[in-house]
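For reference, the structure discussed in these notes is given below.
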Amino acid sequence: MVSETELIWFGAQGQTEFSTVELVIMPALAAGRDGSRLGRGKGYFDRAVAGNRAARVVVVHDSELFESVPTEEFDQFASAVVTCGETIHCDGRLN
């Protein structure tokens, strides 16, 4: 049984090991043009993707996009932020 703090990764062929994941779509309540993201405060995704080079995408509404949002030292930044109106490439992994 998976606890609420564990994440299960899925690829095109179903459940997979995270080491094989190439793209992660991360949840966010808000995001910054610099790739910063505001989650729900428990850090599940930040801990899960730390140390993995998979590209990270955050999808938010236009009204949830800011120049930046507050971050802490453990927060993981997005490679791209996507809204209905634009796509912002943040770290070069998806250019």
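Sequential numbering from 552 applies to the sequence shown in my numbering.
Where is the CB? At the ideal position from N, CA and C, for every residue including glycine.
Source: prediction; values computed, not measured.
Which same chain residues end up closer than 8 Å to T634 when comparing Cβ atoms and leaving out the 5 residues on each side of it in sequence?
V610, V611, H612, D613, E615, L616
Under the three-state reduction of DSSP, which class applies to F617: helix, strand or coil?
strand
Within 10 Å of its beta-carbon, does L589 have 16 or more other beta-carbons around it, so buried, or fewer, so exposed?
buried
Measure from the C-beta of G583 to each C-beta in chain C and report whether the shortest distance is under 9 Å.
You won't find chain C in this structure, because it holds only one protein chain.
Taking the continuous alpha helix (DSSP H) assigned at V600, which residues delimit it?
595-600
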